[in-house]
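Accompanying notes for the structure given below.
Residue numbers (our numbering): 311 to 597.
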């Protein structure tokens, strides 16, 4: 195997606790590394694992795990774990993995999972939507469907994401989450290949030529998978289409670096809202 065999990589750094008396990574930890990469792989597919398996009426169970050692990783090494779907059978999915230090191949693996009934653990055929998602990802197809529209068209799905993120995860009161602005806003909604809503945001009119983006939310298991960027791109384009030249927003401080990476800069003093630290930010839409 080489790096060109993989579309997906999970970065890792070897911790002190993972090194044995031989001063190399203890062999059992490599299976943990591959398991971490599998979680990242599902994230790259925009697939919230638990919700997806519930919708697909099954679950994946490990049938076989094979590891081949070519060279050792050492303390503080920066590693990248490549992962790809190598084969889909009737009820099984074979994942191929490889751990690299730079371009050097250290470890390879073959992990075989069986799709099965979660109650009886008896095998079932791999569902067509899951098969399509895996094959599509490996073929380089987009995993996200992004749409903009009004509350009547997208509100129910957008509300499910906002409820999970703001009300259930962040503890914001229901009365603070919902307001009349939803009825007049342009909403963006992101769905995965299973049709599940996974991210949302809204665009309001702030002042002449200035748009305001808010209610940005992506499901917790999928953060870092490009969902927020997709929402922002869709809302910024909607702002350009109606002639706005600037976008402002109130960023939670924990997401400040995310918005900085998209070209936003602070344009006011930090403040607190609903018990959460925020900072005003803005960017120009004029090229």
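The C-beta atom is built at its ideal place from N, Cα and C for all residues, glycine as well. Remember, predicted model here, so these are calculated numbers, not experimental data.
| Query | Result |
| --- | --- |
| Alpha-carbon spacing of residue 380 relative to residue 506, whole angstroms | 40 Å |
| Cβ neighbours of residue 321 in the same chain (closer than 6 Å, five flanking residues each side left out) | 390 |
| Buried/exposed call for residue 584, threshold 16 Cβ in 10 Å | exposed |
| Cross-strand partners of residue 443 (DSSP beta bridge) | Residue 443 is not bridged to any residue. |
| Whole runs of the alpha helix (DSSP H) within the stretch 380-405, excluding any shorter than 4 residues | none |
| Residue 351 vs residue 417 beta-carbon contact at 7 Å | no |
| Validate contact between the stretch 496-504 and the stretch 454-469 using beta carbons, cut 8 Å, 3 pairs | yes |
| Touching by the beta-carbon criterion (3+ pairs, under 8 Å), the stretch 326-337 and the stretch 464-484 | no |
| Closer than 6 Å: residue 399 CB and nearest the ligand GDP heavy atom | Among the components modelled here there is no ligand, and therefore nothing to report on the ligand GDP. |
| Residue 563 versus residue 430: straight-line alpha-carbon distance, rounded | 46 Å |
| Residue 377 in three-state terms, based on DSSP | strand |
| Coarse secondary structure for residue 551, derived from DSSP in three states | helix |
| Cβ-based neighbour list, residue 382, same chain, cut-off 6 Å, excluding 5 preceding and 5 following | 334 |
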